[in-house]
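Quick notes on the structure that follows.
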Amino acid sequence: MKKITALLASLLLAGSFTSTVSAADDAPQFRCKPGETYYMNVMVTGVEYWFPVYEMFKQAAHQLGCKTVYGGTPAYDVNQQLSSFEQILAQKPAGIFLHPMNPDPFIEPINRAAEMGIPVVTFAADSPNSKRVAYITSDNFREGKAAADELGKAMGKGAEFAVLENPGQDNHDRRVTAFINEMKAAFPDSKLVARAATNQDPSKAYNAVLSMLQANPNLKGIFMPEASSAIGAAQAVAENGGKVKVMTVDVNAKVLDMIKSGQVFGAINPNQGIQGYMGFMTLFLAAHPELIDPMNDAKRNGTNPFAFPILDNGYAVVTKDNADDFRWDAYLKRRGTKGINE
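Just so we're aligned: the sequence shown equals residues -23 to -1, 1 to 319 in mature numbering (1 follows the signal peptide of the UniProt record, and there is no 0).
Okay, here's the thing in structure tokens:
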């Protein structure tokens, strides 16, 4: 009798296990369909900042059996980026990971993509009034504040400082605003004595800083919201005694070399890889609403249950001590891939 009872129990357990496996096999799979492709679109495609973002965007995609394409425009031109976005839409991709140069011009194209069933996730800069499904960023206000805290302490009391900027680029504007506000709040005896628009051009930054140094002999520090201007600024400072501290956001190989040599004081660097990785994951979920069984009215309304208004990918403070950990070439060698060329 005990043997029969045990046998019946085993059969019941096996039947339960079989139905569980069968139910799991019938459920939607967390995988891409053959040929399913996601695009990343930026302006100034040669800027090194984008490379780690795309590398981990691609990493997440490959883990799910998906394809990716890197692109945009090599120019700092919103109309050219809009044109490149339209070209991507014509390919009918599964989703687009977008860094919009300016927020408002992209509202209509993003909304049109949504109507076509193509989700758009923005990163590092946003188009908040559009129908983008998520925004991945390191919080530009926190970056600007952190830069001010680092530079303000290093300059000391009563310091005169200057700012280089790129008016009109949303994420850079936020960084500059936060930097200036934090300097006023945390270092009230400091003084902003000069600011200039350099638009990510090292030559413009070089000439602007030369003028600043001549007009302000007591200048102690300069902040800029991106790495390209830091190169020109640091060169001008080095040619004039090297006593002014240069603080930037973002790094590239040249800036890392300058940080190691002391020409650049430091940098606030967004966690680019996580930005790309989480960017892909949010795009994938937005493109596959069938994976989500929501506890709300989305199914009844026929709306996509996925939306992630903002995700903070974090940042790091880059100094002489840890600069080598941010080397793109070393990371690419470790990964064993072709970077943006695949």
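Quick reminder that beta carbons are idealized off the backbone N, C-alpha and C, glycines included.
Here the structure is a predicted model, which means the values were calculated and not measured.
Nearest-angstrom Cβ-Cβ length linking residue i and residue j, presumed shorter than 8 Å
{"i": "ALA102", "j": "THR259", "result": "That belief does not hold up - the Cβ atoms of ALA102 and THR259 are roughly 16 Å apart, past 8 Å."}
{"i": "ALA210", "j": "VAL186", "result": "5 Å"}
{"i": "ALA300", "j": "ILE208", "result": "No, ALA300 and ILE208 are not in contact; Cβ-Cβ is about 15 Å, not under 8 Å."}
{"i": "ALA213", "j": "LEU190", "result": "7 Å"}
{"i": "VAL153", "j": "VAL140", "result": "6 Å"}
{"i": "GLU203", "j": "GLN240", "result": "Going by Cβ atoms, the distance from GLU203 to GLN240 rounds to 17 Å, so no, they are not a contact pair."}
Among the options, nearest to residue i - alpha-carbon criterion
{"i": "GLY94", "options": "ASN281, THR314, LEU288 and TYR16", "result": "ASN281"}
{"i": "ASP81", "options": "SER107, THR99 and TYR47", "result": "SER107"}
{"i": "ASN193", "options": "GLU137, VAL226, PHE156 and PRO165", "result": "GLU137"}
{"i": "PHE242", "options": "ALA131, ASP178, LYS35 and PRO29", "result": "ALA131"}
{"i": "GLU63", "options": "VAL153, GLN40 and ASN88", "result": "ASN88"}
{"i": "PRO77", "options": "PRO70, THR45 and SER60", "result": "SER60"}
{"i": "TYR47", "options": "GLY198, VAL24 and ASP306", "result": "VAL24"}
{"i": "VAL30", "options": "GLY256, LYS10, ASN158 and ALA275", "result": "GLY256"}
{"i": "PRO179", "options": "LYS297, THR225, ALA91 and PHE7", "result": "THR225"}
{"i": "GLN40", "options": "TYR16, VAL19, SER115 and ARG8", "result": "ARG8"}
{"i": "ARG172", "options": "ALA163, ASP166, ASN184 and PHE164", "result": "ASN184"}
Segment limits, alpha helix (DSSP H) that includes residue i
{"i": "THR120", "result": "With the sequence shown as reference, residue 120 is identified as Glu, and Thr is not the correct amino acid for it. Its alpha helix (DSSP H) spans residues 117 to 132."}
{"i": "PRO179", "result": "179 to 192"}
{"i": "VAL55", "result": "55 to 67"}
{"i": "LEU169", "result": "Run containing LEU169: none in the alpha helix (DSSP H); it sits in the beta strand (DSSP E), 168 to 174."}
Burial state of residue i (16 or more Cβ within 10 Å)
{"i": "ASN246", "result": "buried"}
{"i": "ASN318", "result": "exposed"}
{"i": "SER205", "result": "buried"}
{"i": "GLN68", "result": "exposed"}
{"i": "LYS122", "result": "buried"}
{"i": "ARG311", "result": "exposed"}
{"i": "ASP147", "result": "buried"}
{"i": "GLU32", "result": "buried"}
{"i": "LYS222", "result": "buried"}
{"i": "ALA52", "result": "exposed"}
{"i": "ALA71", "result": "buried"}
{"i": "LYS161", "result": "exposed"}
{"i": "GLU85", "result": "exposed"}
{"i": "LYS35", "result": "buried"}
{"i": "ASP270", "result": "exposed"}
{"i": "GLN58", "result": "buried"}
{"i": "LYS197", "result": "buried"}
{"i": "LEU(-12)", "result": "Unreliable positioning characterises LEU(-12) in this predicted model, as indicated by a pLDDT of 40, which lies under 50. A coordinate reading is not provided."}
Range covered by the beta strand (DSSP E) that runs through residue i
{"i": "MET93", "result": "Looking at the DSSP string, MET93 is not in any beta strand (DSSP E), and its letter there is neither H nor E."}
{"i": "PRO29", "result": "Not the beta strand (DSSP E): PRO29 falls in the alpha helix (DSSP H), residues 27 to 40."}
{"i": "LEU233", "result": "No beta strand (DSSP E) holds LEU233; the alpha helix (DSSP H) holding it covers 230 to 238."}
{"i": "ASN143", "result": "ASN143 -> no beta strand (DSSP E), and no H or E assigned at all."}
Residue i: CB within 7 Å of a non-hydrogen atom of the ligand MN
{"i": "ALA67", "result": "Absent from the structure shown: the ligand MN. Ligands present: none."}
TODO: Specify whether the segment 285 to 293 and the segment 238 to 258 touch according to this definition: at least 3 beta carbon pairs, one from each stretch, less than 8 Å apart.
DONE: As far as the Cβ criterion goes, the segment 285 to 293 touches the segment 238 to 258, which means the pair count is three or higher.
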